[in-house]
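The structure appears below as structure tokens.
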Amino acid sequence: MTESRFRVRPPSFMMALVLPLVVGVLLNAVVRPWLGQQLGGTPRSMGASVRGQDHWWEFDAATRAEHPMLTGFLSTSDGAIAMLLFAVIVLLFAWRFLDPRIRVFRARRAAAAARRSSAGS
1 MTESRFRVRP PSFMMALVLP LVVGVLLNAV VRPWLGQQLG GTPRSMGASV RGQDHWWEFD
61 AATRAEHPML TGFLSTSDGA IAMLLFAVIV LLFAWRFLDP RIRVFRARRA AAAARRSSAG
121 S
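According to UniProt numbering, the stretch in the sequence shown is residues 1 to 121, in order.
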């Protein structure tokens with residue numbers, strides 16, 4: 001019984017959808033441009049379509065050597081960050097969908113094991 005008390009519950013429908021989208025918008029619209037400017041990166045963009053442009057930053061060798069993780073993150077395009085967050089949304093919805101089914105399966109398996117052990121005693 002204590003197992004269910006410590007179980008991590010899947011997020012609600014709106015949290016599974018809205019939270020990753022908010023994180024993506026904040027990253028791509030606020031955090032990444034600010035970090036790119038602070039590190040002295042050169043903004044690059046490609047494309048001019050209905051979806052908009054894809055942005056990233058390029059850095060000199062000294063900045064890349066001093067901040068390898070940040071420059072790697074900023075050198076990744078906005079579109080790649082958005083696709084990663086869409087993958088997170090898919091995983092959260094899969095978790096929401098599968099969690100009740102897994103719990104039912106485990107409960108049935110535990111009940112069957114209990115019946116077998118009580119019948120054998």
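Yeah, the Cβ is synthetic: ideal placement off N, Cα and C, and Gly gets one too.
Quick check: the Cα distance between residue i and residue j, rounded to an integer number of angstroms?
i: P20; j: L35; result: 20 angstroms
i: L92; j: L74; result: 25 angstroms
i: F13; j: A94; result: 11 angstroms
i: G47; j: W57; result: 15 angstroms
i: T2; j: V18; result: At T2 the pLDDT is 48, less than 50, meaning the model places this residue with poor confidence; the figure from the coordinates comes in the next sentence. One C-alpha to the other measures close to 31 angstroms.
i: P11; j: V104; result: 18 angstroms
i: V22; j: V88; result: 13 angstroms
i: R115; j: M69; result: 55 angstroms
i: A111; j: S117; result: 10 angstroms
Let me make sure I understand the geometry here. Which of the options has the alpha-carbon closest to that of residue i?
i: V8; options: R116, F105 and D99; result: D99
i: G40; options: D78, R64, M69 and H55; result: R64
i: H27; options: R96, R115, S77 and A114; result: For the sequence presented, residue 27 should be read as Leu rather than His. Comparing Cα-Cα distances from L27 to each of R96, R115, S77 and A114, the minimum goes to S77.
i: G52; options: A62, A29, Q38 and E66; result: A29
Is the distance from the Cβ of residue i to the Cβ of residue j below 9 angstroms?
i: T71; j: F86; result: no
i: R44; j: I81; result: no
i: G24; j: D54; result: no
i: A16; j: R96; result: yes
Which residue marks the beginning of the alpha helix (DSSP H) containing residue i, and which one marks its end?
i: P20; result: F13 to L26
Quick one: complete alpha helix (DSSP H) runs, 4+ long, within the region 30–102?
-> 32–38, 61–66 and 68–75
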